[in-house]
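Notes follow once the structure below has been shown.
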Amino acid sequence: MAGGNLSPRQKMINMMYLVLTALLALNVSKEILDAFVTVNNGLETTKLTLKEKMDATYKTFSQYASENAAKYGDAFASAQQIQNSANALVVYIDSIKVKVISGTEKIPVETVIGKDDQGRDTIMNLMLVNKKDAYDDVTNLMVGSEPAKPKEGPFTAADLRQRLEAFREQIKAVVGDKNPTLVANVDRMFNYPRAKEGGETGVTTSWESINFYHVPLAAVVTILSKLQGDVRNAENEVVNWMLGSVEQKTFKFNTLTAIVKPQSSYVTVGSTYKADIFLGAYDNQNAPEVYICGPGAKVDTSSGIPKIVGESIKLPMEGAMAKLEQGASGAGLKTVSGIIKFKPVGGEEQIQAFETTYEVAAPNLVVSPTKMNVFYRGVDNPVDVSVAGYSAKDIVPNMSNGTISKDSQGYIVRPGSDNKAMISVTVSNPDGSKKSLPGVEFRVKNVPNPTPYFAGKSVNDENIKKAELEAAQYVIAKMENFEFDLKFEVVEVKVTMIVSGTPIEKTVKSGKLSDEMKEMLKKAKPGQKIYIEGIKAKGPDDTIRNLGALTFKVV
Numbered sequence: 019m020a021g022g023n024l025s026p027r028q029k030m031i032n033m034m035y036l037v038l039t040a041l042l043a044l045n046v047s048k049e050i051l052d053a054f055v056t057v058n059n060g061l062e063t064t065k066l067t068l069k070e071k072m073d074a075t076y077k078t079f080s081q082y083a084s085e086n087a088a089k090y091g092d093a094f095a096s097a098q099q100i101q102n103s104a105n106a107l108v109v110y111i112d113s114i115k116v117k118v119i120s121g122t123e124k125i126p127v128e129t130v131i132g133k134d135d136q137g138r139d140t141i142m143n144l145m146l147v148n149k150k151d152a153y154d155d156v157t158n159l160m161v162g163s164e165p166a167k168p169k170e171g172p173f174t175a176a177d178l179r180q181r182l183e184a185f186r187e188q189i190k191a192v193v194g195d196k197n198p199t200l201v202a203n204v205d206r207m208f209n210y211p212r213a214k215e216g217g218e219t220g221v222t223t224s225w226e227s228i229n230f231y232h233v234p235l236a237a238v239v240t241i242l243s244k245l246q247g248d249v250r251n252a253e254n255e256v257v258n259w260m261l262g263s264v265e266q267k268t269f270k271f272n273t274l275t276a277i278v279k280p281q282s283s284y285v286t287v288g289s290t291y292k293a294d295i296f297l298g299a300y301d302n303q304n305a306p307e308v309y310i311c312g313p314g315a316k317v318d319t320s321s322g323i324p325k326i327v328g329e330s331i332k333l334p335m336e337g338a339m340a341k342l343e344q345g346a347s348g349a350g351l352k353t354v355s356g357i358i359k360f361k362p363v364g365g366e367e368q369i370q371a372f373e374t375t376y377e378v379a380a381p382n383l384v385v386s387p388t389k390m391n392v393f394y395r396g397v398d399n400p401v402d403v404s405v406a407g408y409s410a411k412d413i414v415p416n417m418s419n420g421t422i423s424k425d426s427q428g429y430i431v432r433p434g435s436d437n438k439a440m441i442s443v444t445v446s447n448p449d450g451s452k453k454s455l456p457g458v459e460f461r462v463k464n465v466p467n468p469t470p471y472f473a474g475k476s477v478n479d480e481n482i483k484k485a486e487l488e489a490a491q492y493v494i495a496k497m498e499n500f501e502f503d504l505k506f507e508v509v510e511v512k513v514t515m516i517v518s519g520t521p522i523e524k525t526v527k528s529g530k531l532s533d534e535m536k537e538m539l540k541k542a543k544p545g546q547k548i549y550i551e552g553i554k555a556k557g558p559d560d561t562i563r564n565l566g567a568l569t570f571k572v573v
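Take a look at the structure:
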């Protein structure tokens with residue numbers, strides 16, 4: 019092909035063609051025409067060799083397209099169009115050869131067409147043509163009687179030129195601006211300008227007349243073979259370029275490894291373990307560069323090429339694999355984002371963004387005393403709800419006989435009137451499905467009664483000093499050894515003291531002693547009994563509790 023892509027053999031054949039054409043222009047003897055046979059045979063051999071090479075290329079291309087239609091399908095379809103056009107053009111030029119030989123030799127067309135030793139269609143060898151120097155029939159068929167105005171129509175030189183130019187434009191449309199060198203070569207090869215006969219002083223005439231008007235048959239057949247070689251050369255270059263262009267987009271890797279990517283590392287009983295298993299490929303002799311975002315940085319993809327805005331941290335590599343290590347500084351969902359830079363051999367640098375998440379859970383020991391699972395009515399019962407392998411955001415608890423609600427530290431349970439309550443949860447799996455887990459049963463109880471106190475004395479005390487009695491102001495109720503910090507309000511107290519054998523009673527609707535009670539207690543004498551009775555208190559659930567009585571002996 020023009021442009022420096024021909025083999026040495028093809029260059030030699032083209033040179034011989036030019037020399038013999040020049041000799042012909044000098045009206046050399048008829049015997050010289052026999053030399054065209056050698057040139058033509060060489061061109062025919064080259065044409066067949068290129069056809070065999072192209073058949074192998076198309077076979078490879080077809081196999082790739084059948085195995086990976088998404089990658090090779092469109093390119094192969096375009097290559098098939100080039101193949102069809104090239105084959106049609108070569109067959110058309112063969113038909114012109116048949117017509118000019120048949121017309122010149124005055125023999126049937128069937129005599130000109132035959133089979134070679136491998137069963138392929140072929141045309142009579144120039145060596146067997148007797149009228150190698152005849153040109154009348156060629157001129158009449160391809161140009162006509164007026165060289166300045168070559169005739170048009172089937173099998174004419176004008177029609178041949180138009181078909182060759184159409185093939186050129188088809189190739190240029192496929193290549194576009196992706197390979198300027200190839201386009202320039204095709205333009206040079208299929209260029210048919212008007213030229214001057216006999217040098218600069220000659221008459222300007224057309225390509226058709228220069229090559230086919232009064233040109234001997236041997237030279238015409240050789241010229242046609244040369245044009246067929248141009249077609250096969252152009253076909254070879256463009257189709258191999260098309261296949262190579264697809265291949266250039268493919269990364270070359272030399273190592274495969276199995277990768278298992280689970281949707282979750284934790285699986286609960288009754289659920290399904292799900293994972294993607296695939297082959298990962300990498301070049302262990304051409305490691306990529308991996309960067310992750312530093313504090314406050316992010317990956318920006320707005321420009322089309324991912325880049326890290328802010329601090330980037332380059333990860334250490336072990337072979338072709340980056341090693342990521344991050345300290346788990348706090349509980350919660352963590353996100354790592356970054357970019358991978360990779361430059362394939364002979365290709366341009368590729369940049370891909372990535373993002374992964376993981377969850378950091380605080381170490382947590384859970385000990386559940388199954389016989390003491392109790393919720394108390396009327397108070398906020400704080401609880402933690404967790405499921406191994408699931409983030410808190412993927413857990414939704416629910417409760418029978420009461421309510422459960424989220425707070426800053428976990429959940430708050432407020433049980434109802436029944437004696438039992440059930441806490442159950444629904445979890446969301448990584449694939450979006452939901453699963454209900456078996457619940458945990460709790461007993462429901464009322465908050466126990468508080469212990470009444472008077473002057474710092476409780477039911478465990480028997481004596482009270484006179485000074486303590488006179489200083490006392492209130493009867494209070496205190497929760498003892500209870501995990502909730504609850505407040506009970508004393509709402510009724512009765513104070514009884516026996517004076518001269520007669521019991522004296524005073525009642526107040528609060529925990530604070532009345533003035534009458536205080537005056538009465540001041541009259542108490544050592545050895546006298548004091549009764550604090552009918553103590554009632556209201557709890558946080560607004561129920562009234564009877565707390566019993568306190569009895570003291572004044573000392």
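Note that the sequence shown ends on residue 573 in my numbering; no numbers are left out. Even glycine gets a Cβ: it sits at the ideal position worked out from N, Cα and C.
Quiz prompt | Those runs of the beta strand (DSSP E) which lie wholly inside the stretch 465–526 and span at least 3 residues | solution = 469–472, 493–496, 507–517 and 520–526
Quiz prompt | Neighbour-count burial assignment, Pro619, 16 or more Cβ in a 10 Å radius | solution = What is shown of the chain runs 19 to 573, which leaves residue 619 out entirely.
Self-check item: Collapsed DSSP secondary structure at Ile141 in the structure displayed
Solution: For this step, residue 141 is matched to residue 123 along the sequence shown. Note: Ile141 maps to strand in three-state DSSP.
Self-check item: the stretch 402–418 touching the stretch 438–458, judged by at least three CB pairs closer than 8 Å
Solution: yes
Quiz item: Between Ala104 and Ser120, what straight-line distance do the alpha-carbon atoms span, to the nearest angstrom?
Solution: Residue 104 sits at position 86 when you count from the first residue of the sequence shown. Residue 120 sits at position 102 when you count from the first residue of the sequence shown. Between Ala104 and Ser120, the C-alpha separation is close to 24 Å.
Self-check item: Proximity winner among Phe500, Lys292, Asn499 and Ala237, relative to Val118 (alpha-carbon distances)
Solution: For this step, residue 118 is matched to residue 100 along the sequence shown. When each option's Cα is compared against that of Val118, the closest is Ala237.
Exercise. In angstroms with no decimal places, state the Cα-to-Cα distance between Ser426 and Asp92.
Key: Residue numbering aside, residue 426 sits at position 408 when the sequence shown is read from its first letter. Residue numbering aside, residue 92 sits at position 74 when the sequence shown is read from its first letter. Rounded to whole angstroms, Ser426 to Asp92 spans 59 Å at the Cα level.
Exercise. Return the CA-CA distance between Pro544 and Lys463, expressed in angstroms with no decimal places.
Key: Looking up residue 544 in the sequence shown gives position 526. Looking up residue 463 in the sequence shown gives position 445. Distance between the alpha carbons of Pro544 and Lys463 is about 43 Å.
Quiz item: By Cβ distance, which residues of its chain are closer than 7 Å to Lys530, with the 5 residues on each side in sequence left out?
Solution: Taking the first residue of the sequence shown as 1, we reach residue 530 at position 512. Excluding residues within five positions, the ones whose Cβ falls inside 7 Å are Gln491 and Tyr492.
Self-check item: Neighbourhood of Glu377 by C-beta, 6 Å cutoff - its chain only, sequence neighbours within 5 removed
Solution: Locating residue 377 in the sequence shown gives position 359, where the first residue counts as 1. These residues qualify, in order along the chain: Leu351 and Ser409.
Quiz item: With a CB to CB cut of under 7 Å and the five nearest residues on each side skipped, what residues in its chain are close to Arg181?
Solution: On the sequence shown, residue 181 is found 163 positions in, with the first residue counted as 1. Closer than 7 Å at Cβ, skipping near neighbours: Leu107 and Tyr110.
Quiz item: When DSSP builds the beta bridges, which residues end up paired with Asn102?
Solution: Residue mapping note: residue 102 aligns to position 84 of the sequence shown, counting from 1. None; Asn102 has no bridge partner.
Quiz item: Is Ile241 near Glu307, with beta carbons less than 9 Å apart?
Solution: The sequence position of residue 241 within the sequence shown is 223, counting from 1. The sequence position of residue 307 within the sequence shown is 289, counting from 1. No; because the gap between Cβ atoms is not below 9 Å, this pair is not in contact.
Exercise. Pull up the DSSP beta-bridge partners for Asp425, would you.
Key: In the sequence shown, residue 425 corresponds to position 407, counting from 1. Paired residues: Gly428.
Quiz item: Of the choices Ala489, Lys341 and Asp301, whose alpha-carbon is the least far from that of Ile310?
Solution: Position 292 of the sequence shown holds residue 310. Of the candidates Ala489, Lys341 and Asp301, the one whose C-alpha sits nearest the C-alpha of Ile310 is Lys341.
Quiz item: So who's on the other strand from Gly132, going by DSSP bridges?
Solution: To locate residue 132, count along the sequence shown from 1; it is residue 114. Partner(s): Thr140.
Quiz item: Based on Cα-Cα distance, which residue from Asp73, Met339 and Val354 lies nearest to Gly345?
Solution: As a working mapping, residue 345 is identified with position 327 in the sequence shown. Of the listed residues, the one whose Cα sits closest to Gly345 is Val354.
Self-check item: Minimum C-alpha distance to Val513 - residue among Ala293, Lys89 and Asp533
Solution: The sequence position of residue 513 within the sequence shown is 495, counting from 1. Here the closest residue by C-alpha is Asp533.
Self-check item: Any 3 or more C-beta pairs closer than 8 Å across the stretch 147–156 and the stretch 223–236
Solution: yes
Quiz prompt | Rounded C-alpha distance that separates Phe472 from Asp402 | solution = Translated into the one-based positions of the sequence shown, residue 472 becomes position 454. Translated into the one-based positions of the sequence shown, residue 402 becomes position 384. The straight-line gap from Cα to Cα measures roughly 39 Å.
Quiz prompt | When Asn467, Pro466, Ala349 and Thr444 are compared against Pro456, the one with the closest alpha-carbon | solution = Here residue 456 corresponds to residue number 438 of the sequence shown, with the count starting at 1. When only C-alpha atoms are compared, the closest one is Thr444.
Exercise. Please classify Asn229: is it buried, with 16 or more other beta-carbons within 10 angstroms of its beta-carbon, or exposed?
Key: Here residue 229 refers to the residue found at position 211 when the sequence shown is read from its first residue. So Asn229 counts as buried.
Quiz item: Sorted by chain position, which residues of the same chain lie with C-beta nearer than 8 Å to Ala542's C-beta, five sequence neighbours on each side aside?
Solution: Residue numbering aside, residue 542 sits at position 524 when the sequence shown is read from its first letter. Result list for Ala542: Lys484, Leu487, Met515, Ile548 and Val572, in chain order.
Quiz item: Can you round the beta-carbon distance between Glu183 and Ala176 to whole angstroms, since I take them to be within the 8 Å contact cut?
Solution: On the sequence shown, residue 183 is found 165 positions in, with the first residue counted as 1. On the sequence shown, residue 176 is found 158 positions in, with the first residue counted as 1. Not really, about 11 Å apart at Cβ, beyond 8 Å.
Practice problem: To the nearest angstrom, report how far apart Met339 and Asp73 are at their CA atoms. | Solution: Residue mapping note: residue 339 aligns to position 321 of the sequence shown, counting from 1. Residue mapping note: residue 73 aligns to position 55 of the sequence shown, counting from 1. If I take the Cα positions, the gap works out to 42 Å.
Exercise. Between the Cα of Glu367 and those of Asn304, Lys332, Gly407 and Ser404, spot the shortest distance and give me the residue it belongs to.
Key: Translated into positions along the sequence shown, residue 367 becomes position 349. With distances taken between Cα atoms, Glu367 lies closest to Asn304.
Quiz item: Relative to the C-alpha of Gly474, which residue among Phe460, Ala489 and Arg461 is closest?
Solution: Position 456 of the sequence shown, counting from 1, holds the residue named residue 474. Minimum Cα distance to Gly474 is reached at Ala489.
Quiz item: Starting from Lys361 and walking both ways along the beta strand (DSSP E), at which residues does that stretch end?
Solution: Indexing the sequence shown from 1 puts residue 361 at position 343. It is not in any beta strand (DSSP E) - Lys361 carries neither H nor E in the DSSP assignment.
Quiz item: For the alpha helix (DSSP H) that contains Glu170, what are its first and last residues?
Solution: Sequence index remark: in the sequence shown, residue 170 carries index 152 (1-based). Element bounds for Glu170: n/a, residue is neither H nor E.
Exercise. Starting from the C-beta of Arg148, find all residues in its chain whose C-beta is less than 7 Å away, skip the five residues before and the five after it, and write them out in chain order.
Key: Position 130 of the sequence shown, counted from the first residue, corresponds to residue 148. Reading off the sequence shown, one finds Asn at residue 148, where the question assumed Arg. Around Asn148: Glu123.
Self-check item: Any non-hydrogen atom of the ligand FMN closer than 8 Å to Asn302 Cβ
Solution: For the ligand FMN, the structure offers nothing, since it holds no ligand at all.
Quiz item: Nearest-angstrom Cα distance between Val46 and Ala252?
Solution: Walking along the sequence shown from the start, residue 46 turns up at place 28. Walking along the sequence shown from the start, residue 252 turns up at place 234. Legend: pLDDT at Val46 = 45, less than 50; position of this residue unreliable, value from coordinates given subsequently. Their backbone Cα atoms lie some 33 Å apart in a straight line.
Quiz item: Of the choices Pro165, Met160 and Thr319, whose alpha-carbon is the least far from that of Pro172?
Solution: Translated into positions along the sequence shown, residue 172 becomes position 154. Pro172 has its Cα closest to that of Met160, out of Pro165, Met160 and Thr319.
Self-check item: Per-residue burial, Ala43 [other beta carbons within 10 Å of its own, 16 or more giving buried]
Solution: Translated into the one-based positions of the sequence shown, residue 43 becomes position 25. Confidence at Ala43 is low in this model, with a pLDDT of 48, below 50, so its placement is unreliable and the value that follows should be read with caution. Its Cβ having fewer than 16 others within 10 Å, Ala43 is exposed.
Self-check item: Close Cβ partners of Lys540 (< 7 Å) along its chain, the five nearest in sequence each way excluded
Solution: Indexing the sequence shown from 1 puts residue 540 at position 522. Cβ within range, chain order: Glu488.
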